[in-house]
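The numbering of the sequence shown is my numbering, which starts it at 705 and goes up by one.
Below: the structure, in structure tokens.
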Amino acid sequence: MGLKKLNDVTGITEDIQPSEEVIRDPDNTAVIEETADADREEAKEPEETQESLDTDDSQKLAAAEEPSPATKNGKNSKKSMQPRKPVSTKRLAVYLMIKIGVILLALWLTFEFVLGMTINQGNNMHPAINDGDLVVSLKLQQPYLNAAVLYRHDGRTSAGRIVGLPGNVIDISENGELLIDGSIAAEDIFYPTQKAEGSDIRFPYTVEDGKAFILNDYRIDNNDSRSFGAVDIGDIDGPVLFTLRRRGF
705 MGLKKLNDVT GITEDIQPSE EVIRDPDNTA VIEETADADR EEAKEPEETQ ESLDTDDSQK
765 LAAAEEPSPA TKNGKNSKKS MQPRKPVSTK RLAVYLMIKI GVILLALWLT FEFVLGMTIN
825 QGNNMHPAIN DGDLVVSLKL QQPYLNAAVL YRHDGRTSAG RIVGLPGNVI DISENGELLI
885 DGSIAAEDIF YPTQKAEGSD IRFPYTVEDG KAFILNDYRI DNNDSRSFGA VDIGDIDGPV
945 LFTLRRRGF
């Protein structure tokens, strides 16, 4: 509908045409909504600003309360700044002597209870072991029949081969054959077995308890049990573990 306006000068009433915006929105709803949106945005901006300020303040407070790396490592830095005292020559000498003593003790225990070692003198075990070979045995292993071993006799360590253990009957035939319990021994020996001349050992020979009958592989050399009898098992340093050929490759 149209509006009328009274002209104060002429006293004539004039019709007023409403604008297009008023016609489209007679209740001014759009204007009211735009005003409300603007008010909400203005109210929201202070809230966001306040939150960002609160966050910045909390971060600054946490940074201020956290101790600096220098403060954390204050003790360590003080320690590192202190010069180290030089170790005296006497103390170094003591440390060196202790290390040498420990090494020597370990070696002694090894060769006393674990390994036996000798340099073979002569060719009594040729061709398995030659003159000058370094022979190492394993003391922890019990000697067994037909094993090459290291044994001690008359203060000397020698290499030999066990051909009889307690209870075995050893004999030597006229043809140079080694007999064990009446049977020819299965050996890879290239030389005939002969009795030792002038020896008190009589065949057939029964090996006593706790002993082993030991012969050389080079049977022409009769400096073995054919001459001095069976050897105490306690004097055997175990089966040969390996040999290191020092010459005559």
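We treat Cβ as the ideally placed atom computed from N, Cα and C, and that holds for glycine.
Quantities reported herein were computed from a predicted structural model and do not represent experimental measurements.
Residue range of the alpha helix (DSSP H) that includes residue i
i       : result
Thr-814 : 793-817
Ser-929 : 929-932
Whole-Å CB distance - residue i paired with residue j, under 8 Å assumed
i       : j       : result
Glu-912 : Pro-847 : Actually they do not touch by this definition, with Cβ atoms about 15 Å apart.
Phe-907 : Ile-876 : 6 Å
Thr-972 : Thr-861 : This structure gives no information on residue 972, because the portion of the chain shown stretches from 705 to 953.
Ser-879 : Ala-900 : Here residue 879 turns out to be Asn, not Ser, going by the sequence shown. Actually they do not touch by this definition, with Cβ atoms about 17 Å apart.
Asp-837 : Arg-949 : 5 Å
Gly-864 : Asp-904 : That belief does not hold up - the Cβ atoms of Gly-864 and Asp-904 are roughly 19 Å apart, past 8 Å.
Paired residues, beta bridge with residue i - DSSP
i       : result
Val-840 : Met-821 and Phe-946
Tyr-909 : Ile-874
Lys-915 : Asp-936
Ile-888 : Leu-883
Arg-860 : His-857
Opening and closing residue of the beta strand (DSSP E) in which residue i lies
i       : result
His-857 : 852-857
Lys-826 : Correcting the residue identity first, residue 826 is Gly in this sequence and not Lys. No beta strand (DSSP E) contains Gly-826, which DSSP labels as neither H nor E.
Coarse secondary structure for residue i, derived from DSSP in three states
i       : result
Gly-938 : helix
Gly-868 : strand
Thr-897 : coil
Ser-723 : Any answer about Ser-723 is weak, because its pLDDT of 49 lies below 50 and its placement is not dependable; what the coordinates show is given next. Coil, per DSSP.
Three-pair Cβ contact test at 8 Å for the segment 853-861 versus the segment 881-889: The answer is no - the segment 881-889 does not touch the segment 853-861, with fewer than three Cβ pairs under 8 Å.
Segment contact, 8 Å Cβ cut-off, at least three pairs: the segment 796-813 with the segment 918-926: By the Cβ rule, the segment 796-813 does not count as touching the segment 918-926, because fewer than three pairs are nearer than 8 Å.
Given 8 Å, three or more beta-carbon pairs between the segment 835-843 and the segment 933-953: Per the Cβ contact rule, the segment 835-843 is in contact with the segment 933-953 (3 or more Cβ pairs under 8 Å).
The segment 827-835 contacting the segment 933-941, beta-carbon criterion three pairs below 8 Å: Taking 8 Å as the limit for Cβ pairs, the verdict is that the segment 933-941 does not touch the segment 827-835.
Three-pair Cβ contact test at 8 Å for the segment 923-938 versus the segment 817-825: With the cut-off at 8 Å, the segment 923-938 and the segment 817-825 do not touch.
Cβ contact (3+ pairs, closer than 8 Å) linking the segment 901-916 and the segment 860-875: Counting Cβ pairs under 8 Å, three or more are found: they touch.
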